[in-house]
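Everything below concerns the one structure shown next.
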Amino acid sequence: MRVLVGGGTGFIGRALTQLLRSHGHEVTPVSRRPGKNQITWDELSRLGLPPCEGAVNLAGENVLNPLRRWNESFRQEVVASRVETTKVLAKAIAEAEHPPRTWVLVTGVGYYPPSHSAEYTEESPGGDFDFFSRLVSHWEAAAKIPGDATRQVVVRSGVVLGRDGGAIAQMLWPFRCGLGGPIASGCQPFPWIHVADLAGIVAHVLEQEGVGGILNGVAPSAVNTTNGDFARAMGSVLRRPAVLPLPGFVVSAIFGAERSVMLLEGQRVVPKRTLQSNYQFAFPDLHSALQDILASP
Ligand SMILES: NC(=O)c1ccc[n+]([C@@H]2O[C@H](COP(=O)([O-])OP(=O)(O)OC[C@H]3O[C@@H](n4cnc5c(N)ncnc54)[C@H](OP(=O)(O)O)[C@@H]3O)[C@@H](O)[C@H]2O)c1
């Protein structure tokens, strides 16, 4: 299979590229920058879709960059890097003479309202209560293409855990120094997934005919994981104390009130349709996932 991957140069994109290549597929990243064996968004808009059997979009400006202030211009970058790239890919697919068999968009579980008690499956309502939920709605709407020549799939991902990027790359240093701990009370749900499983779900969807619609991209045990559980598991795997809480007001001061919701609140998400699609999770529980990620120095 030839697979075009928007944002294929990023944290999840690199894991997906490696996995797809190991399955014998060819991967072409779509990037802002020109480079060997990749195409740019501008080329995709001007020249249309290159021949491919699968397309994926993983492009998006890093929302939790602590060095960027949460102001209107950054908000717009966060939205445009997701919605506009998705529109470009969807348009190229819709106009292709030979459209791909499958089109996969990765969005987020921020679609579902934060709650300590509610459990969300793919059928649960959401998408219209705050900035991030509305972003997910616009992002997913931008991916829609008419007709059924191409199977359309959305994977709503939780916090992606892996060594080379995402949340762990940002938190590893304090945890290694014994300065890690829960965020605020630590009681907020922590919907997580190992990067190998997120890449695995996307590859599964590309390879299995008949899997379509929304799939939740979280580990099966994530529905019962809190931020405090995550901090304790990090401490246990790294053999360091992990008891120093990061106060909520510090998080709000660094990230701004609207954005800090991503760290101070969370959703209990069930990957119901993902499991029904017969995807076998490599890392269903947090301890084994963290052991895999943090095992070597
Ligand atoms: N990591 C997570 O925990 C997580 C959780 C839920 C959902 N997601 C979603 O999954 C996708 C991939 O996440 P990731 O962690 O792999 O992201 P990442 O490594 O931060 O970035 C992915 C790629 O997006 C492209 N990009 C960055 N800023 C951009 C901009 N302003 N305009 C256009 N393209 C831009 C970059 O590609 P080039 O530099 O090559 O252009 C980058 O390699 C994102 O859409 C993210 O929202 C991630």
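In my numbering, the protein residues as written are 1073 to 1369.
Cβ coordinates follow ideal geometry from the N, Cα and C atoms, glycine included.
Going by C-alpha to C-alpha distance, which of L1251, E1167, G1238, L1161 sits closest to D1114?
L1161
Confirm the yes/no value for this check: CB of F1327, any heavy atom of ligand 1, distance under 8 Å.
no
Does the region 1185-1196 touch the region 1333-1351, meaning 3 or more C-beta pairs lie closer than 8 Å?
yes
Go ahead and label A1241 buried or exposed: buried means 16 or more other beta carbons lie within 10 angstroms of its beta carbon, across all protein chains shown.
exposed
For the beta strand (DSSP E) containing G1285, list its first residue and its last residue.
1285-1289
Whole angstroms is fine: what's the gap from A1271's alpha carbon to A1329's?
31 Å
Can you look up R1228 in the DSSP assignment and give me helix, strand or coil?
strand
Starting from R1074, follow the beta strand (DSSP E) in both directions and report where the run begins and ends.
1074-1078
When the distance is taken between beta carbons, is G1126 closer than 9 Å to T1174?
yes
Would you tell me roughly how many angstroms separate the C-alpha atoms of E1167 and V1309, rounded to the nearest one?
50 Å
Hey, A1291 and F1247 are a contact pair by Cβ (cut 8 Å); roughly how many whole angstroms apart?
20 Å between Cβ atoms; not a contact.
Taking T1081 as the reference, give the member of R1206, L1130, N1137 with the closest Cα.
L1130
Give the single residue among V1333, L1278, L1092 whose Cα lies nearest to the Cα of P1172.
With distances taken between CA atoms, P1172 lies nearest to L1278 out of V1333, L1278, L1092.
With respect to the alpha helix (DSSP H) encompassing W1142, which residues constitute its N-terminal and C-terminal limits?
Unbroken run through W1142: none, as it is neither H nor E.
Under 8 Å: does the beta carbon of W1142 sit that close to some heavy atom of ligand 1?
no
My parser needs the alpha helix (DSSP H) runs of 4 or more residues fully inside the region 1203-1289; what are they?
1203-1215, 1238-1248, 1267-1279
Please tell me whether M1306 and M1243 are closer than 9 Å, where the distance is taken between their beta carbons.
Remark: C-beta atoms of M1306 and M1243 approach each other more closely than 9 Å.
With a threshold of 7 Å on Cβ separation, who are the neighbours of E1133 within its own chain once the five nearest residues in sequence on each side are excluded?
Residues of the same chain with a CB within less than 7 Å of the CB of E1133, apart from the 5 flanking positions on each side, are E1149, V1150, S1153 in chain order.
Under 8 Å: does the beta carbon of T1081 sit that close to some heavy atom of ligand 1?
yes
Given a cut-off of 9 Å on the beta-carbon distance, is the pair A1294 and L1358 in contact?
It is a contact, given that the beta carbons lie within the stated cut-off.
Rounding to the nearest angstrom, what Cα-Cα distance links V1225 and H1266 in this structure?
20 Å
Nearest to F1321 by alpha carbon, out of A1256, G1238, A1087, S1349?
A1256
Taking T1346 as part of the alpha helix (DSSP H), name the residues at either end of that continuous run.
1344-1348
Quick check for students: name the residue ranges of the alpha helix (DSSP H) that lie wholly in the region 1103-1140, counting only runs of 4 or more.
1113-1119
Tell me the start and end of each unbroken alpha helix (DSSP H) in the region 1306-1346 that is at least 4 residues and wholly inside, in chain order.
1320-1327, 1329-1336
Check the C-beta distance from A1303 over to P1254 and give it rounded, since I have them as a contact under 8 Å.
4 Å
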